[in-house]
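Enquirer:
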Amino acid sequence: MSESNYNPAEIEAKWQEIWEEQGLYRQEIDKSKPKHYALTMLPYPSGDLHIGHWYAMTPSDARARFMRMKGYNVLFPMGFDAFGLPAENAAIKRNIHPAKWTKANIERMRGQLRSMGTMFDWEREAVTCDPSYYKWTQWFFKKLMEQGLAYRKHAAVDFCPNCNTTLAREQVWGEDRHCERCGTPVIKKHLEQWFFRTTAYAEELLDFSGIDWPERVKVMQTNWIGRSEGANVVFETAEGGHEIKVFTTRPDTLWGATFMVLAPEHPLVGAVTTAEQEEAVAAYQAAAERMSSIDRESADREKTGVFTGGYAINPVNGEQIPIWIADYVLMDYGFGAIMAVPAHDERDFAFAQKYDLDIVEVIRGSNRTDEDGPLAEAYTEKEEGVLINSGQFSGIAVKGAVSKVTAWLAEQGKGEQSINYRLRDWLISRQRYWGSPIPIVYCDEHGAVPVPDDELPVMLPEDVAFMPTGESPLKSHEGFLNTTCPVCGAAATRETDTMDTFMCSSWYQYRYLSPDYDEGPFDPEEGAYWLPVDQYTGGIEHATMHLIYTRFFTKAMRDMGLVTDDEPMKALFNQGMVLGEDNEKMSKSRGNVIAPDDLVQEFGADTVRAYIMFFAKWELGGPWNYDGIKGPQRFLRDVWSLATADYAPEGEDEEATANLRRKTHQVIAKVTDDLERFAFNTAVAALMELRNALVEAERAANVSVGAWEEGIEMMLHLLAPIAPYISEELWSQRGHETSIHEQAWPTWDEEIAKEDTITLVVQVNGKVRAKIEVAADVSNADAEAAALSDPAIVERLAGKEPRKVIVVPGRLVNIVA
RNA sequence: GCCGAAGUGGCGGAACUGGCAGACGCGCACGACUCAAACUCGUGUUCCUUUGGAGUGUGGGUUCGAUUCCCACCUUCGGCACCA
Numbered sequence: 000m001s002e003s004n005y006n007p008a009e010i011e012a013k014w015q016e017i018w019e020e021q022g023l024y025r026q027e028i029d030k031s032k033p034k035h036y037a038l039t040m041l042p043y044p045s046g047d048l049h050i051g052h053w054y055a056m057t058p059s060d061a062r063a064r065f066m067r068m069k070g071y072n073v074l075f076p077m078g079f080d081a082f083g084l085p086a087e088n089a090a091i092k093r094n095i096h097p098a099k100w101t102k103a104n105i106e107r108m109r110g111q112l113r114s115m116g117t118m119f120d121w122e123r124e125a126v127t128c129d130p131s132y133y134k135w136t137q138w139f140f141k142k143l144m145e146q147g148l149a150y151r152k153h154a155a156v157d158f159c160p161n162c163n164t165t166l167a168r169e170q171v172w173g174e175d176r177h178c179e180r181c182g183t184p185v186i187k188k189h190l191e192q193w194f195f196r197t198t199a200y201a202e203e204l205l206d207f208s209g210i211d212w213p214e215r216v217k218v219m220q221t222n223w224i225g226r227s228e229g230a231n232v233v234f235e236t237a238e239g240g241h242e243i244k245v246f247t248t249r250p251d252t253l254w255g256a257t258f259m260v261l262a263p264e265h266p267l268v269g270a271v272t273t274a275e276q277e278e279a280v281a282a283y284q285a286a287a288e289r290m291s292s293i294d295r296e297s298a299d300r301e302k303t304g305v306f307t308g309g310y311a312i313n314p315v316n317g318e319q320i321p322i323w324i325a326d327y328v329l330m331d332y333g334f335g336a337i338m339a340v341p342a343h344d345e346r347d348f349a350f351a352q353k354y355d356l357d358i359v360e361v362i363r364g365s366n367r368t369d370e371d372g373p374l375a376e377a378y379t380e381k382e383e384g385v386l387i388n389s390g391q392f393s394g395i396a397v398k399g400a401v402s403k404v405t406a407w408l409a410e411q412g413k414g415e416q417s418i419n420y421r422l423r424d425w426l427i428s429r430q431r432y433w434g435s436p437i438p439i440v441y442c443d444e445h446g447a448v449p450v451p452d453d454e455l456p457v458m459l460p461e462d463v464a465f466m467p468t469g470e471s472p473l474k475s476h477e478g479f480l481n482t483t484c485p486v487c488g489a490a491a492t493r494e495t496d497t498m499d500t501f502m503c504s505s506w507y508q509y510r511y512l513s514p515d516y517d518e519g520p521f522d523p524e525e526g527a528y529w530l531p532v533d534q535y536t537g538g539i540e541h542a543t544m545h546l547i548y549t550r551f552f553t554k555a556m557r558d559m560g561l562v563t564d565d566e567p568m569k570a571l572f573n574q575g576m577v578l579g580e581d582n583e584k585m586s587k588s589r590g591n592v593i594a595p596d597d598l599v600q601e602f603g604a605d606t607v608r609a610y611i612m613f614f615a616k617w618e619l620g621g622p623w624n625y626d627g628i629k630g631p632q633r634f635l636r637d638v639w640s641l642a643t644a645d646y647a648p649e650g651e652d653e654e655a656t657a658n659l660r661r662k663t664h665q666v667i668a669k670v671t672d673d674l675e676r677f678a679f680n681t682a683v684a685a686l687m688e689l690r691n692a693l694v695e696a697e698r699a700a701n702v703s704v705g706a707w708e709e710g711i712e713m714m715l716h717l718l719a720p721i722a723p724y725i726s727e728e729l730w731s732q733r734g735h736e737t738s739i740h741e742q743a744w745p746t747w748d749e750e751i752a753k754e755d756t757i758t759l760v761v762q763v764n765g766k767v768r769a770k771i772e773v774a775a776d777v778s779n780a781d782a783e784a785a786a787l788s789d790p791a792i793v794e795r796l797a798g799k800e801p802r803k804v805i806v807v808p809g810r811l812v813n814i815v816a
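Note that numbering that gives the first Met the number 0 gives residue 158 to position 159 of the first sequence, counting from 1, and the numbers run on in steps of one.
1) If we require 4 or more residues per run, which alpha helix (DSSP H) segments fall completely within the stretch 693-751?
2) Return the residue from the list D129, T197, V171 and P723 that minimises the CA-CA distance to I186.
3) Less than 9 Å between the beta carbons of L480 and T497, yes or no?
4) So, helix, strand or coil for A74, using DSSP?
5) Using 8 Å as the threshold, is the stretch 214-231 in touch with the stretch 243-255, meaning 3 or more CB pairs across them?
6) Could you tell me if N813 is buried or exposed, where buried requires 16 or more neighbouring beta carbons within 10 angstroms of its beta carbon?
7) Quick one: what does DSSP say F479 is sitting in, helix, strand or coil?
8) Taking Cβ to Cβ, would you say W819 is nearer than 9 Å to G519?
9) Does DSSP put M290 in a helix, in a strand, or in coil?
10) Check whether the Cβ atoms of Y310 and I322 sit closer than 9 Å, and answer yes or no.
11) For P460, which of helix, strand or coil comes out of DSSP?
12) Within the same chain, show all residues whose beta-carbon is closer than 7 Å to that of R107, passing over the 5 residues directly before and after it, in chain order.
13) Does the stretch 260-276 come within contact of the stretch 439-449, defined as at least 3 CB pairs closer than 8 Å?
14) For the alpha helix (DSSP H) containing I322, name the first residue and the last one.
15) Once you ignore the five residues that flank P801 on each side, which residues in its own chain have a CB closer than 7 Å to its CB?
16) Go ahead and label G414 buried or exposed: buried means 16 or more other beta carbons lie within 10 angstroms of its beta carbon, across all protein chains shown.
17) On the three-state DSSP scale, how would you describe Q416?
18) Tell me where the alpha helix (DSSP H) around Y133 begins and ends.
19) Just to confirm, are H476 and V463 a CB contact at a threshold of 9 Å?
20) Smallest Cα separation from E712: which of N779, W639 and A678?
21) Look up Q574 in the DSSP assignment and give the residues it is bridged to.
22) Quick one: what's got a C-beta closer than 8 Å to S1's C-beta in the same chain, skipping five residues either side?
23) Let me make sure I understand the geometry here. Which of G51, E20, P7 and A63 has the alpha-carbon closest to that of V534?
24) In the DSSP assignment, what are the bridge partners of D211?
25) Quick one: what's got a C-beta closer than 7 Å to K554's C-beta in the same chain, skipping five residues either side?
26) State the Cα-Cα distance for the pair N94 and E461, rounded to the nearest angstrom.
27) Could you pull out every residue in the same chain whose Cβ sits closer than 8 Å to the Cβ of S3, ignoring the five residues on either side in sequence?
28) Is there contact between the stretch 1-20 and the stretch 48-56, where contact requires at least three CB pairs shorter than 8 Å?
29) Distance check for P33 and I805, CA to CA, integer angstroms please.
30) Starting from L204, follow the alpha helix (DSSP H) in both directions and report where the run begins and ends.
31) What whole-angstrom Cβ distance do M118 and Y24 have, given they're in contact under 8 Å?
32) Taking Y528 as the reference, give the member of Q21, S31, W506 and W18 with the closest Cα.
33) Helix, strand or coil for R515? Go by DSSP, reduced to three states.
34) Expressed to the nearest angstrom, what Euclidean distance is found between the alpha-carbon atoms of M576 and H177?
35) Hey, is the stretch 156-167 in contact with the stretch 125-145, meaning 3+ C-beta pairs nearer than 8 Å?
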């Protein structure tokens, strides 16, 4: 009989306080234990903890708690990615300062995060907008500059007209090239901006060999980096002796290059354009400039272009070929110029057809004749085919032709082997207020000069009119703008753009180690013990943004001698997303948002945690269902009444006792395996099975007290990572002095878990016709004999001799009649 | 178009390396308790034309045996896309 009822609100508040008082979740170096750094993506302090935060964080917490009970010294920190646009936008809308807004939100969210019952060590909290944090973000900027990994250049960059700032290429999404944050299609602007040389690590970023990351992420990053092998080939102009460099993946088709195409923005366009064509070229350039990149980069658009009037010499056969400009050639890939081989490239073919340019076939497969007429046929290196019309290479197989021709080009000094990446350098300048200032001073004499270390951080001034104008608001703050050159002391101005907030989050896992440390970005002693991150968890949406940036950062940090690891996170797991009850993405406008605070109030945090882990496979996510939460609610209530019951058996049944013990040990094994591989849903289901077995035992009152006690206490252990409050409360009510979260993870006994009889399925021609009870260790011969003598089987066989009998030990007997 | 993930009862989802499809839960139905309802408890719950048959998106295949492997499709979601 229960002496009390389960009252989550009461026990959750109580344990939060006790845990904090006792410092139960302080996480400190302990060399006597193996370490485990568990990290979950830090939230943006939007002001309200969304159910999505719960979905990301509470299973991560359960995993971290599980690792802790398994004997690891676990670090599981939390912080806030606190710079960024929403603060600024909210501030503009409500006329509060972004710092104030952010601070208040963090305050509120800390409370919400506490209610989750996570084991975060708040002593290690890091907030990226604190000067003590961004001091080191700025320091990293300088270090990257020293390493030649940060540079400034003038370029056509992506600009979000709604956010009023530039964006990195990674932050432009989708077919319509929209801003990752707000969804507005981006435009191009010509600006002088700071970049990080992510491309310096392009090759290394393609190597995932040392890390256990989801296939999905590896594929997305690989595609994003977009490596292609080929050759650079130099063409000379027929007239002026200019060199036009192109990148091609198919140097073996050079003899078929019958024209060249430059991007409209190509710097040599002016030089090759003849007087007669000047007007047409200028008009085309102007039109291309005006056109949005969405229109320009849609592949199904009909190709357009203009002849420049100029010619180039094909370096392999000396032919004069016309130079065109066309917007299907992109300035920011390769060299912004191509050799066009219309016979073997669909795009070049379409262009040649439209403008009546020469088409010369240079590869011929077996099933094609001259009668077939003009046709673009791309022969891959895997296919059969021979080179034709290709000088001394005519007649060689297309297989291996690329490397042969490349080697020859290199010999002749006409080209070289080359690898091109789709990856662009990371543009980090932002024309907004609420970010870390870039620690640079511009001096007429000395150019861009980094601010000396002892003057870091360059403080973000508070008294700024931060209306977004497309230019940094810091520009109009005289006190910030005007300074002196660190080299010569002359009057100088500061860089007024701020840094992309993805820069703050590229190294936060290091700051967590020692958020108050002031001798460097992190305390090397802490680093030596905790690094690298063992298990990272977070959403897939960061696959080609944060997860590329942080890998870049770690590689750069390694080359600076700050860390020894090549990769920031050894293992990664991506959870899915909680959808609304209507199976749609949650959004305020749809009105399908689930508020975790309300759920906690109604059901308690433990129930919300258990339901989150139960209702879907974590990596897939799925729709929320309000009624569904009743399952875990009933489950925890049952756990409560079972654990507080005075169990007094009326008699002791040996079989029932063995059955309960078997279930208990099977569930220990199952939950252990499930938590190991993030299968929280089946772990909860297994615990419900144990609950069902205990309910049954209580009703029958026929198992030994020992078996009962074992069942209850094991259940509390296994439940502790999932529902930390109720398991702690019941554990303490049962008279234990130390926290359940400090207990060792239970082990199971295979002997006890083993079934002693099994139900053997008997099939005839693959269809189940009978089920027989046999000893678990039955021999194949005995199983076959038992199956063949079963009355239902005898009847079905009707005296016929089976043609074949298959016995799967412990599972089934299949009789082929 | 290319790449990736997924399609299983009324619903969410289980099923380790090919071996009882539907664990666990929700919902529903009936029964008990109650003046009544809710709660709770018990029983049942893939479908059908039920001595049987069908069934894991569709159509084929391999196999004694396929949700699982192979081939060809369809649908949904995500990523990329004139990348030379």
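For glycine and all other residues, C-beta sits at the position ideal for the given N, C-alpha and C.
Expert: According to the structure data:
1) 704-718 and 723-732
2) V171
3) In this structure, T497 does not lie closer than 9 Å to L480 by Cβ.
4) This sequence places Leu at residue 74; Ala is not what is there. It is a strand residue.
5) Contact holds: three or more Cβ-Cβ distances are below 8 Å.
6) buried
7) helix
8) Any property of residue 819 remains undetermined from this structure, which presents the chain solely from 0 to 816.
9) coil
10) yes
11) In the structure shown, P460 sits in coil (DSSP, three-state: anything other than H, G, I, E or B).
12) Excluding five sequence positions before and after R107, the CB atoms of its chain that fall closer than 7 Å to its own CB belong to G46, given in chain order.
13) no
14) Not the alpha helix (DSSP H): I322 falls in the beta strand (DSSP E), residues Q319 to A325.
15) I814, V815 and A816
16) buried
17) strand
18) P130 to E145
19) For H476 and V463, yes; Cβs fall inside 9 Å.
20) W639
21) G538
22) Here S1 scores only 42 on pLDDT, less than 50, and its place in the model is too uncertain to base an answer on.
23) Correcting the residue type first, residue 534 is Gln in the shown sequence and not Val. Here the closest residue by C-alpha is A63.
24) A570
25) Y200, E203 and D565
26) 14 Å
27) T643
28) no
29) Cα atoms of I805 and P33: separation of roughly 48 Å, rounded to the nearest angstrom.
30) A201 to L204
31) Confirmed, about 4 Å.
32) S31
33) In the sequence on display, residue 515 carries Asp and not Arg. Coil.
34) A straight-line Cα-Cα distance of about 22 Å links M576 and H177.
35) no
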